[in-house]
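Chemist: The sequence shown lines up with residues 0 to 84 when you count with numbering that gives the first Met the number 0.
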Amino acid sequence: MKKKVRKLLLRKYAVILLLSVLSLGYLYLGDWLFGYGLGNIAFILDYLLYTLSEKLVASLMLLALVIPDLIYWFTGSYPERGAER
Numbered sequence: 000m001k002k003k004v005r006k007l008l009l010r011k012y013a014v015i016l017l018l019s020v021l022s023l024g025y026l027y028l029g030d031w032l033f034g035y036g037l038g039n040i041a042f043i044l045d046y047l048l049y050t051l052s053e054k055l056v057a058s059l060m061l062l063a064l065v066i067p068d069l070i071y072w073f074t075g076s077y078p079e080r081g082a083e084r
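1. Put TYR12 into one of helix, strand or coil per three-state DSSP.
2. Do you know how far the Cα of PRO78 is from the Cα of TYR12?
3. Give the secondary structure of MET0 by DSSP, where H, G and I count as helix, E and B as strand, and everything else as coil.
4. Please confirm whether LEU69 and ALA57 have their CB atoms less than 8 Å apart.
Laid out in structure tokens, this is it:
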């Protein structure tokens, strides 16, 4: 069971990584096509998480996504789904 859970988690994060690379590529290609230059994304990122509260909320949301998966990675099992059967 532990190998199956780890395989599913690796697949999940591989898909997330692939989608984020494709999204960033789409942003850079769009900026390049419309003449803003490749440095425009770096300029916009300076204003993305501007205040401390925005940085704190973004960090908490990221932890809420990662911590349960880390627990499942180390324990090797998902919670029971007996109610669905």
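Just so you know, even glycine gets a beta-carbon here, dropped at the ideal spot from N, CA and C.
Modeler: On the basis of the data shown:
1. If you number the sequence shown from 1, residue 12 lands on position 13. In the displayed model, TYR12 falls within a helix according to three-state DSSP.
2. Mapped onto the sequence shown, residue 12 falls at position 13. Mapped onto the sequence shown, residue 78 falls at position 79. Rounded to the nearest angstrom, the two C-alpha atoms are 20 Å apart.
3. Translated into the one-based positions of the sequence shown, residue 0 becomes position 1. Coil, per DSSP.
4. The residue given as residue 69 occupies position 70 in the sequence shown. The residue given as residue 57 occupies position 58 in the sequence shown. Contact: no.
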